[in-house]
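Read through the structure below, which is laid out as structure tokens, and then see the notes.
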Amino acid sequence: MAFEDVTVAKPTPETYKALEADLCNHSGKVPLHERFRALFTLKALADNEAVDIVGRAFADESALLKHELAYVLGQMKNPHAHAVLKQVLATKEEDPMVRHEAAEALGAIGHLDSIVILEEYLKDDSEVVVQTCELAIEKIKYDHRKEKEALPESAYSSIDPAPPTTDEEATEQLRAIYLNQKLPLFERYRAMFALRNQCTTESVLALADGFDDPSALFRHEIAYVFGQMQHPAAVPSLVKVLGKLDEANMVRHEAAEALGSIATPEVYPVLEHFKNDHERVVRESCVVALDMFAYENSGELQYADGLSK
Amino acid sequence: MNNVANCLQHLKPQRDDQMTHNTMADNHDDEQHNVQFEGTSSGASLTFPIQCSALRKNGHVVIKGRPCKIVDMSTSKTGKHGHAKVHLVAIDIFTGKKLEDLSPSTHNMDVPNIKREEFTLLNIDDDFLNLMTADGGNKDDVKLPDGELGEKITADFDDGKELLITIIAAMGEEAAISYKEAPKSG
Numbered sequence: 001m002a003f004e005d006v007t008v009a010k011p012t013p014e015t016y017k018a019l020e021a022d023l024c025n026h027s028g029k030v031p032l033h034e035r036f037r038a039l040f041t042l043k044a045l046a047d048n049e050a051v052d053i054v055g056r057a058f059a060d061e062s063a064l065l066k067h068e069l070a071y072v073l074g075q076m077k078n079p080h081a082h083a084v085l086k087q088v089l090a091t092k093e094e095d096p097m098v099r100h101e102a103a104e105a106l107g108a109i110g111h112l113d114s115i116v117i118l119e120e121y122l123k124d125d126s127e128v129v130v131q132t133c134e135l136a137i138e139k140i141k142y143d144h145r146k147e148k149e150a151l152p153e154s155a156y157s158s159i160d161p162a163p164p165t166t167d168e169e170a171t172e173q174l175r176a177i178y179l180n181q182k183l184p185l186f187e188r189y190r191a192m193f194a195l196r197n198q199c200t201t202e203s204v205l206a207l208a209d210g211f212d213d214p215s216a217l218f219r220h221e222i223a224y225v226f227g228q229m230q231h232p233a234a235v236p237s238l239v240k241v242l243g244k245l246d247e248a249n250m251v252r253h254e255a256a257e258a259l260g261s262i263a264t265p266e267v268y269p270v271l272e273h274f275k276n277d278h279e280r281v282v283r284e285s286c287v288v289a290l291d292m293f294a295y296e297n298s299g300e301l302q303y304a305d306g307l308s309k
Numbered sequence: 001m002n003n004v005a006n007c008l009q010h011l012k013p014q015r016d017d018q019m020t021h022n023t024m025a026d027n028h029d030d031e032q033h034n035v036q037f038e039g040t041s042s043g044a045s046l047t048f049p050i051q052c053s054a055l056r057k058n059g060h061v062v063i064k065g066r067p068c069k070i071v072d073m074s075t076s077k078t079g080k081h082g083h084a085k086v087h088l089v090a091i092d093i094f095t096g097k098k099l100e101d102l103s104p105s106t107h108n109m110d111v112p113n114i115k116r117e118e119f120t121l122l123n124i125d126d127d128f129l130n131l132m133t134a135d136g137g138n139k140d141d142v143k144l145p146d147g148e149l150g151e152k153i154t155a156d157f158d159d160g161k162e163l164l165i166t167i168i169a170a171m172g173e174e175a176a177i178s179y180k181e182a183p184k185s186g
């Protein structure tokens, strides 16, 4: 990303130890949201040592934490994470949300060698895992195309599961591609990220129309991009998704965190309410989301503040 | 300009001094919120929105309603959603006062349209500069600057030198910021 502060000096071994103690909750007293902040501090470091620490945190029980670990390993784009990601993906007892994130992370790192690994899961029992692997394979193939497309500069530093559509700019046209269930998921995702980059009320409303899609993976990605866009027009649809008790956990979880990121005053009582949800992953997401809310509304510069403590 | 710049129009009317980031719903509007300044010859807007992440050091930005030059910028590390906060330190281009702001990188900030123009100094009249525009008209509404710059302009003008004064204009305000001796003709 163009504007990320890269002037992070290599921390001391003691700092790594402290970050690991926070992330892995060695004391048993570290609140979940602090563990997340430690995780994103490690994401910014992105070296092998940071990858190893994140890998060791998979011993935890929280699916929310573990899915975030896998996500961060992908975003670090460090192939040193391949071994642990493959292992997580192969663990069938693991929550599908965590396995999905491991598959997506292999796509984010983007090595051609990962394609054969991902192909093994195209008939997995979990539809979320199957669809993620399809997308990740397409993404890796795209990354290795001989003829590169010129992609517009994005305001977001994330490595996305698909690049934005480049040959269409009209919101209505992008919306039609995005909602067309007959098209390949990769193409629909590309339209989704193009709509994200537009970031207008119109594009938010077009994206919200996707919440009726039959794919939970697709619906969860909408909630994620809403968290990126921080556009208040997304709040009503996210509140609705979070409040839908028969919606998939990974979608409700993503909606909660997106609300924390948008951080307008009306989301606070909603997150407070669902902090008591019957689903653990939703409860925990609300805790993390309330911390994001606090950060967005604070005068603090750093969310990932593990180096300044 | 990138479409992204339409994102999250970030109206910042009266910001408090604690640099708190405020994502009130009414900060977000897809309509351009450029302030139109009636009476400028060009009819150009006083400011234009730009995504915070696209601001650069030594560029300009509006902070607390004042046109400023950015002297320092730092960007936070990113969290889950891949957006950062940007801390801006800037100097009011008219008063020299230091101002700070903290904004999400995805939000829009206003950039002042700044115009620099040179005028020939005709006279100094009761602390106002009598200037001549390029098309020969008169411009008498800019003050002689305070302090050393004003004293030097007065001294050189009294010596009979022909002076060109640079006037900076932004957000409906104008000031003389520098001057030089006109090149000798012939």
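Just so you know, the protein sequences line up as chains W and Z, in that order. Using the UniProt record's numbering, you'd call the opening residue of the first sequence number 1 and step up by one each time. Using the UniProt record's numbering, you'd call the opening residue of the second sequence number 1 and step up by one each time. Backbone N, C-alpha and C define an ideal beta-carbon position, used for all residues, glycine too. Since the structure is predicted, the reported quantities are computational estimates derived from the model, not experimental observations.
- In the structure shown, Z:A84 adopts coil according to DSSP, grouped into three states.
- The count of Cβ pairs closer than 8 angstroms, one atom from the segment 236-243 of chain W and one from the segment 19-38 of chain W, stays below three, leaving the stretches out of contact.
- Per DSSP, reduced to three states, the secondary structure at W:M192 is helical.
- In the three-state DSSP reduction, Z:P67 falls in the strand class (E or B).
- Under the three-pair Cβ rule at 8 angstroms, the segment 56-76 of chain Z counts as touching the segment 85-92 of chain Z.
- Residues of the segment 83-103 of chain Z with a Cβ closer than 9 angstroms to any Cβ of chain W, in chain order: H83, A84, K85, V86, H87 and L102.
- Bounds of the beta strand (DSSP E) holding Z:K115 are I114 to D125.
- In the three-state reduction of the DSSP assignment, W:Y121 falls in the coil class, being assigned neither a helical nor a strand state.
- For a cut-off of 8 angstroms, the C-beta gap from Z:A182 to Z:L163 is around 7 angstroms, short enough to register as a contact.
- Here the C-alpha atom of W:A46 lies approximately 50 angstroms from the C-alpha atom of Z:T166.
- Bounds of any beta strand (DSSP E) do not take in W:S237; it lies within the alpha helix (DSSP H) bounded by V235 to G243.
- Fewer than three Cβ pairs drawn from the segment 146-157 of chain W and the segment 110-127 of chain W lie within less than 8 angstroms of each other, which leaves the two stretches out of contact.
- Three or more pairs of CB atoms, one per stretch, sit closer than 8 angstroms, so the segment 80-88 of chain Z contacts the segment 98-113 of chain Z.
- Apart from sequence neighbours up to five positions away, the residues of its chain that approach W:V30 with a beta-carbon distance below 7 angstroms are D22, ordered along the chain.
- Look at Z:K180 here: in three-state DSSP terms it is strand.
- For the 8 angstroms CB-CB criterion, W:Y303 and Z:S74 do not form a contact.
- Counting only runs of 3+ residues, no beta strand (DSSP E) is found wholly inside the segment 3-89 of chain W.
- At a Cβ-Cβ threshold of 8 angstroms, W:H33 and W:V287 count as neighbours.
- W:Y189 has a beta carbon lying at 8 angstroms or more from every beta carbon in chain Z.
- Note on geometry: alpha-carbon atoms of W:N78 and W:I109 lie some 7 angstroms from one another.
- Interface criterion met: the Cβ of Z:H81 is under 8 angstroms from a Cβ in chain W.
- Looking at the DSSP output, Z:P49 shares a beta bridge with Z:D110.
- Of the residues assessed, W:V116 falls on the exposed side of the cut-off, its CB having fewer than 16 other CB atoms within 10 angstroms.
- Under the three-state reduction of DSSP, Z:P104 is assigned to strand.
- W:V88 and W:A63 do not touch by the CB rule: their CB atoms are close to 11 angstroms apart, not below 8 angstroms.
- When the alpha-carbon of Z:K98 is set against those of Z:G172, Z:V62, Z:A176 and Z:A175, the nearest one is in Z:V62.
- Contacts with chain W at 8 angstroms (Cβ-Cβ) do not include Z:K64.
- The beta carbon of Z:K57 sits no closer than 8 angstroms to any beta carbon of chain W.
- Beta-bridge pairing by DSSP links Z:V89 to Z:D72 and Z:E100.
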